[in-house]
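Residue numbers (our numbering): 3 to 169.
Glycine included, C-beta positions come from ideal geometry on N, C-alpha and C.
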Amino acid sequence: MNELEFETYTDAYLEQVRHTYNHYVENTTISFDLKPLTQDEMRGAIMPLNESYRSYIIKKDHLYAGYILITQHRKKAAYNATGEVTLYLDAAHTAKGIGPQALDFIEVVAKALSFHSLIATICAENESSIRLFAKQGYEQIAYFKEVGFKFGRWLDVVSYQKRFPIE
Numbered sequence: 003m004n005e006l007e008f009e010t011y012t013d014a015y016l017e018q019v020r021h022t023y024n025h026y027v028e029n030t031t032i033s034f035d036l037k038p039l040t041q042d043e044m045r046g047a048i049m050p051l052n053e054s055y056r057s058y059i060i061k062k063d064h065l066y067a068g069y070i071l072i073t074q075h076r077k078k079a080a081y082n083a084t085g086e087v088t089l090y091l092d093a094a095h096t097a098k099g100i101g102p103q104a105l106d107f108i109e110v111v112a113k114a115l116s117f118h119s120l121i122a123t124i125c126a127e128n129e130s131s132i133r134l135f136a137k138q139g140y141e142q143i144a145y146f147k148e149v150g151f152k153f154g155r156w157l158d159v160v161s162y163q164k165r166f167p168i169e
């Protein structure tokens, strides 16, 4: 069975989400946080700022597999039609075809919420995320050199964008 479900985030999933995220904080350059997040910090990162944004739990075969969300891209009001898309999969669920389905789902949500575009901000070393977003039709729009410092070295960041037609 390979069925995915998407469930609106609730605090019932806080520890699973925190475990997933903190794995990437402690072991990779995927997250630019330098220390694991507390429960309150994680809740603040995943809870929607207002009704314009959404956070979802991804389930595969009815079991937690990760999370995906649309958050505020920038604080100024002129950016309100642009969202930041974030996707984190539990380490046991990577490279299993979940990413494309999760992006398809969140894009439907984004369009229903009248977003004009979604932007993904990715560490340039994260080749699997770069491939995922590129295959899903996101276009590289920016490359920032040496903007993060983690594990004793400078890291580059790329931004990918997908625009939706105005109907």
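Open item on the list: Assuming the contact rule is C-beta atoms closer than 8 Å, Tyr140 and Asp158 should be a hit. Round their C-beta distance to whole Å, please.
Closed with: The beta-carbon distance between Tyr140 and Asp158, rounded to whole angstroms, is 17 Å. This is too long to meet the 8 Å contact definition.
- [ ] Verify whether the separation of the beta carbon atoms of Asp92 and Thr22 is less than 8 Å.
- [x] Their beta carbons are under 8 Å apart, which means Asp92 touches Thr22 by this criterion.
- [ ] Assign Phe151 to buried or exposed, taking buried as 16 or more other Cβ atoms, counted over all protein chains shown, within 10 Å of its Cβ.
- [x] Exposed, by the Cβ-count rule.
Task: Opening and closing residue of the beta strand (DSSP E) in which Glu7 lies - done: Looking at the DSSP string, the run of the beta strand (DSSP E) that includes Glu7 is 6-10.
Task: Residues near Glu7 by beta carbon distance below 6 Å, same chain, minus five either side - done: For Glu7, where only same-chain residues beyond five positions count, the Cβ hits under 6 Å are Lys61.
TODO: Output the distance between the C-alpha atoms of Tyr58 and Leu71, rounded to the nearest integer angstrom.
DONE: Approximately 6 Å between the Cα atoms of the pair.
Open item on the list: Taking the alpha-carbon of Lys137 as reference, which of Phe107, Lys37, Gly101 has the nearest alpha-carbon?
Closed with: The shortest Cα separation from Lys137 among Phe107, Lys37, Gly101 belongs to Gly101.
Task: Own chain, CB closer than 6 Å to Phe34, minus 5 neighbours either side, in chain order - done: Contacts found: Gly150.
TODO: Would you mind reading off the limits of the alpha helix (DSSP H) that contains Asp41?
DONE: Note on residue identity: the sequence assigns Gln, not Asp, to residue 41. Residues 41-48.
TODO: May I have a chain-ordered list of the alpha helix (DSSP H) segments no shorter than 4 residues that lie completely inside the stretch 62-114?
DONE: Taking only runs of at least 4 residues, the alpha helix (DSSP H) segments lying wholly in the stretch 62-114 are 100-114.
TODO: Sort Ala94, Glu5, Glu127, Gly85 by Cα distance to Ala114 and report the nearest one.
DONE: When each option's Cα is compared against that of Ala114, the closest is Gly85.
Task: Same chain, Cβ closer than 6 Å to Gln2, neighbours up to 5 away in sequence not counted - done: Outside the shown range of the chain, which is 3 to 169, sits residue 2, and nothing can be said about it.
Task: For His25 and Gly68, believed in contact at Cβ under 8 Å, the rounded distance - done: Not really, about 11 Å apart at Cβ, beyond 8 Å.
Open item on the list: Between which two residues does the alpha helix (DSSP H) holding Leu16 run?
Closed with: Per DSSP, the unbroken alpha helix (DSSP H) holding Leu16 starts and ends at 16-29.
- [ ] Counting only the same chain and skipping the five closest in sequence on each side, list residues whose C-beta sits under 8 Å from that of Asp106.
- [x] Excluding residues within five positions, the ones whose Cβ falls inside 8 Å are Gln138.
TODO: Could you spell out the range, first to last residue, of the alpha helix (DSSP H) harbouring Ala136?
DONE: 129-137 is the span of the alpha helix (DSSP H), which, as asked, contains Ala136.
Open item on the list: Closest to Pro167 by C-alpha separation, out of Glu148, Arg133, His118, Leu134, would be which residue?
Closed with: Nearest to Pro167 by alpha-carbon distance, out of Glu148, Arg133, His118, Leu134, is His118.
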